[in-house]
Amino acid sequence: MRCPRCGAEGVDPAGYCVQCKLFRGQVAPPPQQPQPQPQAFYPVAPPPPPKYRNPLLIPGIIFGVIALLLAGGVIVYAATSGGDDPGDQDLTGGTNPVVAPSITATEAGPTPTPGATLGGNPGPSSSASASASPTGAPSCILGVFLEEQHNEQVTVLNTGTFPFTGSGAYHRYNERGIVTIDYGDGMHLRGSNGANQYEYIFEGFISYVFKYENGVVTYSAPRPDSTGTETFIRNGNVDFKGKLEARIPPPMKVNCGPVAMSLTNQITTIQLKRTSKAP
Numbered sequence: 010m011r012c013p014r015c016g017a018e019g020v021d022p023a024g025y026c027v028q029c030k031l032f033r034g035q036v037a038p039p040p041q042q043p044q045p046q047p048q049a050f051y052p053v054a055p056p057p058p059p060k061y062r063n064p065l066l067i068p069g070i071i072f073g074v075i076a077l078l079l080a081g082g083v084i085v086y087a088a089t090s091g092g093d094d095p096g097d098q099d100l101t102g103g104t105n106p107v108v109a110p111s112i113t114a115t116e117a118g119p120t121p122t123p124g125a126t127l128g129g130n131p132g133p134s135s136s137a138s139a140s141a142s143p144t145g146a147p148s149c150i151l152g153v154f155l156e157e158q159h160n161e162q163v164t165v166l167n168t169g170t171f172p173f174t175g176s177g178a179y180h181r182y183n184e185r186g187i188v189t190i191d192y193g194d195g196m197h198l199r200g201s202n203g204a205n206q207y208e209y210i211f212e213g214f215i216s217y218v219f220k221y222e223n224g225v226v227t228y229s230a231p232r233p234d235s236t237g238t239e240t241f242i243r244n245g246n247v248d249f250k251g252k253l254e255a256r257i258p259p260p261m262k263v264n265c266g267p268v269a270m271s272l273t274n275q276i277t278t279i280q281l282k283r284t285s286k287a288p
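Numbering (this note's numbering), first residue to last: 10 to 288.
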């Protein structure tokens with residue numbers, strides 16, 4: 010603004026002309042720019058605590074799976090154990106697939122007994138008497154013999170009849186008329202039918218009363234070992250495992266000498282070697 014007295018421009022801070030000092034009034038201060046307001050800061054909520062996995066969760070799942078497996082094992086065991094008798098716990102049960110043809114009197118000799126070495130009907134369970142009557146057997150039949158060769162025609166149920174071979178059982182004939190056939194830890198008879206392979210295994214022992222007459226030995230009163238077993242295996246799989254049965258062998262024709270003996274009928278031929286004179 011120009012001063013009306015001297016024409017100078019401007020006033021001092023007190024409102025007077027800068028040249029002639031004419032009071033012209035204070036100059037209004039320039040408008041102030043709005044100052045930025047401080048921003049309000051609100052407290053930030055802390056992040057939620059991390060979620061930790063329950064340390065018992067996974068072990069709990071594992072325990073549950075194990076419990077189910079154990080329960081299944083108990084069910085399978087109960088289904089296959091065959092009873093509370095500890096002697097039955099390892100037996101598979103089922104039906105023995107081995108059967109045998111019957112023996113006739115004209116084929117086998119005097120007073121034949123039905124059945125065969127591997128598959129006849131179970132005989133009486135009475136035990137052999139220590140005071141059995143004299144056998145009438147020649148001395149060459151008495152003693153201990155080892156089966157060097159056992160050949161037998163074995164009939165497998167719904168399959169057919171095939172030759173089985175094996176060895177290893179001991180026969181002990183004594184003067185009291187008792188014979189014990191000892192299979193030990195396992196006497197194996199093996200056979201085949203084309204691609205099918207069979208194995209019949211006997212473990213334990215079985216004793217009989219025997220009688221010799223006219224070159225033929227007959228058997229009665231079978232007494233099997235209570236822990237003995239017999240097992241039938243087909244192509245590597247166990248078809249049957251059960252206790253050693255009290256079968257009565259058919260009569261056997263005897264040919265014996267000082268060091269060897271043979272027992273034969275129409276389905277079985279056994280070659281034995283003497284190992285001891287004392288049974």
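All residues carry an ideal CB built from backbone N, CA and C; glycine is no exception.
- In chain order, 12, 14 and 25 place their CB closer than 7 angstroms to the CB of residue 31, counting only its own chain and leaving out the 5 sequence neighbours on each side.
- The region 152-172 makes contact with the region 266-285: 3 or more CB pairs, one atom from each, lie closer than 8 angstroms.
- Taking a contact as a CB-CB distance under 8 angstroms, the pair residue 210 and residue 239 counts as one, their CB atoms being some 7 angstroms apart.
- Within the DSSP bridge table, the entry for residue 278 names 160 and 273 as partners.
- About 7 angstroms separates the CB atoms of residue 182 and residue 219; that is less than 8 angstroms, so the two are in contact.
- Under the three-state reduction of DSSP, residue 257 is assigned to coil, being neither helix nor strand.
- Taking C-beta separations shorter than 7 angstroms and ignoring five residues to either side along the sequence, the partners of residue 217 in its chain run 137, 188, 228, 229, 230 and 231, following chain order.
- When the Cα atoms are used, residue 151 and residue 287 turn out to be separated by approximately 7 angstroms.
- Assignment of residue 12 by DSSP, reduced to helix, strand and coil, places it in the coil class.
- Residue 172 has 162 as its beta-bridge partners, per DSSP.
- Setting aside the 5 residues that flank it on each side, residue 169 is surrounded in the same chain by 202, each with a C-beta closer than 7 angstroms to its C-beta; the list follows chain order.
- Look at residue 235 here: in three-state DSSP terms it is coil, with no helix or strand label.
- Contact annotation, residue 212 with residue 195: C-beta distance approximately 5 angstroms; criterion of less than 8 angstroms satisfied.
- Counted as a single uninterrupted DSSP element, the beta strand (DSSP E) harbouring residue 190 occupies residues 187-202.
- Looking at the backbone, the Cα of residue 242 and that of residue 248 are separated by about 5 angstroms.
- Each residue's CA atom was taken as its position, placing residue 222 and residue 190 some 20 angstroms apart.
- With fewer than 16 other Cβ atoms from the protein chains shown falling within 10 Å of its own Cβ, residue 22 counts as exposed.
- Look at residue 149 here: in three-state DSSP terms it is helix.
- Sequence-distant partners of residue 224 (beyond 5 residues in either direction) whose C-beta falls short of 7 angstroms from its own C-beta, in its chain, are 262 and 263.
- The beta carbons of residue 259 and residue 166 sit no closer together than 7 angstroms.
- With respect to the 7 angstroms criterion, residue 283 and residue 154 are classified as neighbours on the basis of their beta carbons.
- Within the same chain, 173, 175 and 209 come within 6 angstroms of residue 198 by CB-CB distance, once the 5 residues on both sides are set aside.
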